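Here's the structure we're looking at; comments come further down.
Protein chains: 2
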Amino acid sequence: MLKEVIANQKNYQPGLSTDCVIFGFHDNQLKVLLIKTKFSEDWALPGGFVLLDEGIDEAAVHVLKGRTGLEGIFLRQFATFGQANRNSIEKSQQVLDFYGISSEEGQWFLNRFVTIGYYALVDFLKAVPQPEGKNEIVEWIDCNAVPSLIVDLKEIFDKALETLRMELNQVPVGYNLLPEKFTIPELQKLYETILGRQLDRRNFLRKITSIGILTKLDEKKSNVAHKAPNLYSFDKDRYEEVLKIGLHQGW
Amino acid sequence: MLKEVIANQKNYQPGLSTDCVIFGFHDNQLKVLLIKTKFSEDWALPGGFVLLDEGIDEAAVHVLKGRTGLEGIFLRQFATFGQANRNSIEKSQQVLDFYGISSEEGQWFLNRFVTIGYYALVDFLKAVPQPEGKNEIVEWIDCNAVPSLIVDLKEIFDKALETLRMELNQVPVGYNLLPEKFTIPELQKLYETILGRQLDRRNFLRKITSIGILTKLDEKKSNVAHKAPNLYSFDKDRYEEVLKIGLHQGW
């Protein structure tokens, strides 16, 4: 991808890239989609560049589609990274090395780049991780065990996770990370995983119910020995409303 | 400013600008600092460009200092704007016209620009609005009466205000917008002004007190006929702590 972009550099906005932190939830783990190539011991976030006639959000949507096969998924810009030293020539060289590109060939990329960070919440079971070419692997990695990332991508990942934690109180993120039907304990586990700590069961139930976005279904979870817990789904209309109101309700 | 940047374009990151929404609070009004020139009926936000050896946050700090004379003030990146059509040649021309620059002279600026939005909270009484040259005026305008702004600056202003509203629940923004000593009714008025609606007095008192960032002073407001209200200040240490915790406390 980077190779083709460099070959067509005239069609791209100079000095601008996107990095995508794609979250999924599975086996009670919050996971992030990472890339590794055969050229490096370290990993990278999926990312891309911005065509001159393409919006920055569209550019991120293309990265997401390319890496997961999914469209119409929850995607949010969370910060732009542009410290003066974030990509010195040495650091840019790290990225070129990662993709197996020589510095002559990659001249364009040795300029200063500012990168726009997006995070996405995807349904783990629907996403199909897609490498670009045979030198890459793309994997879901537990957010608690993120390996060494090239350049400043760890900082970008950390900021995405921090933003996700903050937005837990603003938007019902569970909607995008859980399957259509779920139990309250599963929802609580998701919140605990994102926040990185245990929550009181009764307090959680009270708070999550008070948002008014849950619909109790006339169905119980199957394959459970006894006292099968009730299944719930999100009330889509109410969810959209809460999204609009955001935090205003707090006061 | 734009004229000098264009003359030194080689020193600047191509296609990247900053726009600053500078908020102040006075006379029970939330105000924003806007610029007008003699070349246009419309107004603009203070903004700038990014030197190649300067971080994006530093660039915004320079704009703030240049426009208010203040340093070390609360400044936060809130979004990056980069729709493909946000600066068509016609729209870029609007900006050149605003600053009285011809299209020949302003060629560099007719390229596509992505802009990073920052908002700042300043002490109204300490800020000294500073025009650049004699063709400009810089004024505090009531946020409820923002005049027509050039290009997409209204969208950027709206997003800043929306973010400020959201962050009311995350960070005690009053700290930056109020004088050192204030009364609870003054603090409530600030919140009401930002949120654009009235709040219940007792609920507000309960919520703001529960954050634990207020210190009740052994002093009452002077120049008040009778039943002078108590003065308060913010507990700086506790404030920093709450900033770190952010919304985590919500669950």
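Chains as they are written, first to last, in full-length UniProt numbering: chain H, 1 to 251; chain B, 1 to 251.
Every residue, glycine too, gets a C-beta built ideally from N, C-alpha and C.
Keep in mind the model is a prediction, meaning the values are calculated, not measured.
Residue from the options whose Cα sits closest to the Cα of residue i
{"i": "I116 of chain B", "options": "B:R202, B:L16, B:K10", "result": "B:L16"}
{"i": "K10 of chain H", "options": "H:G212, H:D218, H:L52", "result": "H:L52"}
{"i": "A7 of chain H", "options": "H:I141, H:I101, H:N28", "result": "H:I101"}
{"i": "E241 of chain B", "options": "B:K221, B:K227, B:I213", "result": "B:I213"}
{"i": "Q77 of chain B", "options": "B:L96, B:I156, B:E139, B:E41", "result": "B:I156"}
{"i": "I137 of chain H", "options": "H:E180, H:P46, H:R238", "result": "H:P46"}
{"i": "Q13 of chain B", "options": "B:A145, B:G48, B:I141", "result": "B:G48"}
{"i": "W43 of chain H", "options": "H:E139, H:A60, H:L110", "result": "H:E139"}
{"i": "D123 of chain B", "options": "B:E41, B:Q198, B:G72, B:D235", "result": "B:G72"}
{"i": "residue 252 of chain B", "options": "B:M166, B:V61, B:V50, B:D218", "result": "Only positions 1 to 251 of chain B appear in this structure, which leaves residue 252 of chain B out of reach."}
{"i": "G66 of chain H", "options": "H:V114, H:C20, H:L190", "result": "H:C20"}
{"i": "K207 of chain B", "options": "B:Y191, B:R197, B:S222", "result": "B:Y191"}
{"i": "H62 of chain B", "options": "B:T18, B:N111, B:V114, B:A145", "result": "B:T18"}
{"i": "N176 of chain B", "options": "B:E105, B:Y239, B:R197", "result": "B:Y239"}
{"i": "E41 of chain B", "options": "B:D97, B:V50, B:N87, B:L70", "result": "B:D97"}
{"i": "N87 of chain H", "options": "H:L153, H:R112, H:L64, H:E104", "result": "H:R112"}
Range of the contiguous beta strand (DSSP E) that encloses residue i
{"i": "Y119 of chain B", "result": "114-121"}
{"i": "D19 of chain H", "result": "12-26"}
{"i": "Y175 of chain B", "result": "Looking at the DSSP string, Y175 of chain B is not in any beta strand (DSSP E); the run it does join, the alpha helix (DSSP H), is 174-177."}
{"i": "D218 of chain B", "result": "214-220"}
{"i": "K65 of chain H", "result": "It is not in any beta strand (DSSP E) - K65 of chain H instead sits in the alpha helix (DSSP H) that spans 56-68."}
{"i": "A79 of chain H", "result": "74-81"}
{"i": "Q198 of chain B", "result": "Element bounds for Q198 of chain B: n/a, residue is neither H nor E."}
{"i": "S102 of chain B", "result": "Premise fails: S102 of chain B is in no beta strand (DSSP E) and is neither H nor E."}
{"i": "I35 of chain H", "result": "29-37"}
{"i": "G48 of chain B", "result": "47-51"}
{"i": "F234 of chain H", "result": "230-234"}
Within chain B, partners of residue i - CB distance below 9 Å
{"i": "D152 of chain H", "result": "None at all; the shortest Cβ gap to chain B is about 12 Å."}
Contacts of residue i in chain B (Cβ-Cβ under 7 Å)
{"i": "L52 of chain H", "result": "R112"}
{"i": "I116 of chain H", "result": "T80"}
{"i": "P14 of chain H", "result": "P14, G15"}
{"i": "A84 of chain H", "result": "D53, E54, G55"}
Residue i: contacting residues in chain H (beta-carbon distance under 9 Å)
{"i": "A60 of chain B", "result": "Per Cβ cutoff of 9 Å: no residues; A60 of chain B is ~10 Å from chain H at best."}
Start-to-end residues for the alpha helix (DSSP H) that takes in residue i
{"i": "residue 256 of chain B", "result": "Outside the shown range of chain B, which is 1 to 251, sits residue 256 of chain B, and nothing can be said about it."}
{"i": "V5 of chain B", "result": "2-7"}
{"i": "S92 of chain H", "result": "89-98"}
{"i": "I137 of chain B", "result": "Where I137 of chain B is concerned, there is no enclosing alpha helix (DSSP H), although the beta strand (DSSP E) it sits in stretches over 136-142."}
{"i": "A160 of chain B", "result": "153-167"}
{"i": "L187 of chain H", "result": "184-195"}
Interface residues of chain H facing residue i [CB-CB closer than 7 Å]
{"i": "Q77 of chain B", "result": "A79, T80"}
Whole-number beta carbon distance between residue j and residue i, since they are thought to touch under 8 Å
{"i": "F74 of chain H", "j": "L121 of chain H", "result": "4 Å"}
{"i": "L168 of chain H", "j": "L195 of chain H", "result": "7 Å"}
{"i": "V5 of chain H", "j": "T68 of chain H", "result": "So it is not a contact: roughly 20 Å between Cβ atoms."}
{"i": "Y99 of chain B", "j": "F39 of chain B", "result": "7 Å"}
{"i": "C143 of chain B", "j": "L30 of chain B", "result": "5 Å"}
{"i": "L231 of chain H", "j": "K220 of chain H", "result": "6 Å"}
{"i": "T193 of chain B", "j": "N28 of chain B", "result": "6 Å"}
{"i": "K159 of chain B", "j": "A228 of chain B", "result": "So it is not a contact: roughly 40 Å between Cβ atoms."}
{"i": "D235 of chain H", "j": "T215 of chain H", "result": "5 Å"}
{"i": "I89 of chain H", "j": "L110 of chain H", "result": "5 Å"}
Interface flag, residue i vs chain D, CB-CB below 8 Å
{"i": "E186 of chain H", "result": "Among the protein chains of the structure shown, namely H and B, there is no chain D."}
Distance cut-off 7 Å: residue i Cβ against heavy atoms of the ligand ADP
{"i": "I116 of chain H", "result": "With respect to small molecules bound, the structure shown includes none, and the ligand ADP cannot be examined in it."}
Quick check: the stretch 119-138 of chain H against the stretch 181-194 of chain H, are there 3 or more CB pairs under 8 Å? no
Count Cβ pairs between the stretch 138-151 of chain H and the stretch 31-43 of chain H that sit closer than 8 Å; are there 3 or more? Yes, the stretch 138-151 of chain H touches the stretch 31-43 of chain H.
Check whether the stretch 18-25 of chain B touches the stretch 93-100 of chain H, taking contact to mean three or more Cβ pairs, one atom from each stretch, closer than 8 Å. no
Can at least three beta-carbon pairs, one atom from the stretch 54-69 of chain B and one from the stretch 78-87 of chain H, be found at a separation below 8 Å? yes
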